[in-house]
Amino acid sequence: MDDTSLAYRANDPAARGADAGDLAIALAKVNLSLGRGPARVHILKDVDLDVTRGEAIGLVGPSGSGKSTLLMVMAGLERPDRGSVVVAGRDLTALDEDALARFRGREVGIVFQSFHLIPTMTALENVAVPLELAGHDDAFARAGKELAAVGLADRLEHYPAQLSGGEQQRVALARALAPHPSILVADEPTGNLDEATGKQIIDLLFAGHAERNTTLVLVTHDPTLAARCDRVVRLRSGHVEGPA
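One point on numbering: in this note's numbering, the residue at position 199 of the sequence shown is 199, and numbering is uninterrupted.
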């Protein structure tokens, strides 16, 4: 396959042919700026990127290169100024905010560096919330199974303040995986953890990816961690470096 044409395949019907169905994420000429007036900064610049279904990619690059912003575009949390964003077969630029929220609830699991747990809810309730919002009748049963899968069967009724950082991130991972998303995105998921605890989280992350055949997009500064992915995509100054 010609690497230089790969990034356009999802948006050119004549080019993509039968391979289009294999794409989980297809970005073409994505541009995004943040801020207003003189403070406005061009973050993403003509980004082209295809990610195959079931693939794990590591997004790496210097601080400020646009990694986290690109991840948010893929997850439907940021809208580009221009360009095409097709994720799980849906054109995200054509969806309104309510439709985007429903799409994320079905298709995208998100793990942040900060755990973003609801402090007034137990671990079980934190994992069950997105399932309830998606209309699952068995939300609490599924939440319990997901927490058990990350080793927290004995922490279901604990509140975030009663959990260690590693345990909180395991709750966040269980929450991300509970809806059985087709795409899992993680933004520096071990950034607030010590090395040993971080390794446990990463092992669980990759195990969830492999067992469920999710597409994984991982933002990291750690080259060793990125090397565990099927492919490494490098960003610099808002551009993808080399063929993506």
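Even glycine gets a Cβ: it sits at the ideal position worked out from N, Cα and C.
Task: Distance CB(Gln200)-CB(Gly166) smaller than 8 Å - done: As a working mapping, residue 200 is identified with position 200 in the sequence shown. As a working mapping, residue 166 is identified with position 166 in the sequence shown. In contact: Gln200 and Gly166 (Cβ atoms closer than 8 Å).
TODO: Note down, in chain order, each residue of its chain lying with its Cβ closer than 6 Å to the Cβ of Met72, except the 5 sequence neighbours on either side.
DONE: Counting from one through the sequence shown, the residue named residue 72 turns up at place 72. So the qualifying residues of the chain are Glu78.
Open item on the list: Below 8 Å on the Cβ atoms is my contact criterion, and I expect Ala186 with Val60 to pass it. Report the Cβ-Cβ distance as a whole number of Å.
Closed with: Here residue 186 refers to the residue found at position 186 when the sequence shown is read from its first residue. Here residue 60 refers to the residue found at position 60 when the sequence shown is read from its first residue. Not quite, the Cβ-Cβ distance comes to about 13 Å (not below 8 Å), so this is no contact.
Open item on the list: Pairs of beta-carbons, one from the region 172-183 and one from the region 205-214, closer than 8 Å: are there three or more?
Closed with: yes
Open item on the list: Which of the three DSSP states is assigned to Ser33 in this structure?
Closed with: On the sequence shown, residue 33 is found 33 positions in, with the first residue counted as 1. Correct three-state label for Ser33: strand.
TODO: Check Ile201 in the structure and name its three-state DSSP category.
DONE: Within the sequence shown, the letter at position 201 stands for residue 201. In the structure shown, Ile201 sits in a helix (DSSP, three-state: H, G or I).
Task: Where Gly135 falls: helix, strand or coil (DSSP) - done: In the sequence shown, residue 135 corresponds to position 135, counting from 1. Three-state result, Gly135: coil.
Task: Alpha-carbon to alpha-carbon, Ile202 and Ala176 - done: If you number the sequence shown from 1, residue 176 lands on position 176. If you number the sequence shown from 1, residue 202 lands on position 202. Whole-angstrom Cα-Cα distance: 14 Å.
Task: Integer-rounded CB distance, given that Phe115 should sit under 8 Å from Gln169 - done: Residue mapping note: residue 169 aligns to position 169 of the sequence shown, counting from 1. Residue mapping note: residue 115 aligns to position 115 of the sequence shown, counting from 1. Contact flag correct, Cβ pair sits at about 6 Å.
Task: Length of the line joining the Cα atoms of Glu241 and Ala28 - done: In the sequence shown, the residue the question calls residue 241 occupies position 241. In the sequence shown, the residue the question calls residue 28 occupies position 28. Those two C-alpha atoms are separated by around 15 Å.
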